[in-house]
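K.L.:
If you're matching positions, the sequence shown starts at 1 in UniProt numbering and goes up one per residue.
We put the CB at the ideal spot given by N, CA and C, even for glycine.
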Amino acid sequence: MNDMKKSQIINMRAEGLGYRVIAKELNISENTIKSFCRRNNLAKSETVVPATIPNCSSEKVYCKNCGKAVPQNDKRKKKQFCSDKCRMTWWNSHREEVHHKNITTKVCPGCHRKFQVYGKVDRKYCSHACYITDRFGGGSNE
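What follows is the structure in structure tokens.
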């Protein structure tokens, strides 16, 4: 739905028209009209006042990765990236800024050092080399 259709919906609701009439007039699904009206407090026709569409905030936000302007929607969470590609590239190059919530500290039974486990909690060893050493005796042929 483009801005022109959104402004038409606002004006038609201000005139007191119902969802079904607006949907037929604009050739849009009735549920789409209802959702738009609820999100923009246009549910009751007596409280509707014709206004501009609250679609973009005046504050400019730029992509953290490439620096392009990122369009924002007032009713949603603030976007930081212009695309999925930029988002993944930036997070892969800034791994230290990822906040992991379920980190567990364990002691390796092979080398007795402490190590941190993220995600899979049933991990015992700090590395595959420690596992091989502890399980098979360090590779010496006996």
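So residue 8 is in the alpha helix (DSSP H); what residue range does that whole segment cover?
P.N.:
Start and end: 3–14.
K.L.:
Check for me: the beta strand (DSSP E) holding residue 22 runs from which residue to which?
P.N.:
Element bounds for residue 22: not the beta strand (DSSP E) but the alpha helix (DSSP H), 19–26.
K.L.:
Would you list the one or two residues that DSSP bridges to residue 103?
P.N.:
In DSSP, residue 103 forms a bridge with 118.
K.L.:
Using the three-state DSSP reduction, which class does residue 172 fall into: helix, strand or coil?
P.N.:
Nothing can be reported for residue 172, as the shown portion of the chain is limited to 1 through 142.
K.L.:
How would you call residue 27, buried or exposed, if buried means at least 16 neighbouring beta carbons within 10 angstroms?
P.N.:
Its Cβ having fewer than 16 others within 10 Å, residue 27 is exposed.
K.L.:
Quick one: residues in its chain with C-beta nearer than 7 Å to the C-beta of residue 121, no 5 flanking neighbours on either side, listed in chain order?
P.N.:
104.
K.L.:
Tell me the rounded alpha-carbon separation between residue 137 and residue 130.
P.N.:
When rounded, the distance between both Cα atoms is 10 Å.
K.L.:
Output the distance between the C-alpha atoms of residue 68 and residue 4, rounded to the nearest integer angstrom.
P.N.:
Spanning the two alpha carbons is a distance of roughly 26 Å.
K.L.:
Do residue 94 and residue 118 have their C-beta atoms within less than 9 Å of each other?
P.N.:
No, the pair does not count as a contact, with Cβ atoms beyond the cut-off.
K.L.:
How close, in whole Å, do the beta carbons of residue 20 and residue 37 come, if the pair is a contact with beta carbons under 8 Å?
P.N.:
That pair is no contact at about 12 Å.
K.L.:
Since residue 82 and residue 70 should fall inside the 8 Å C-beta cutoff, what is the C-beta to C-beta distance between them, to a whole number of angstroms?
P.N.:
That pair is a contact at about 5 Å.
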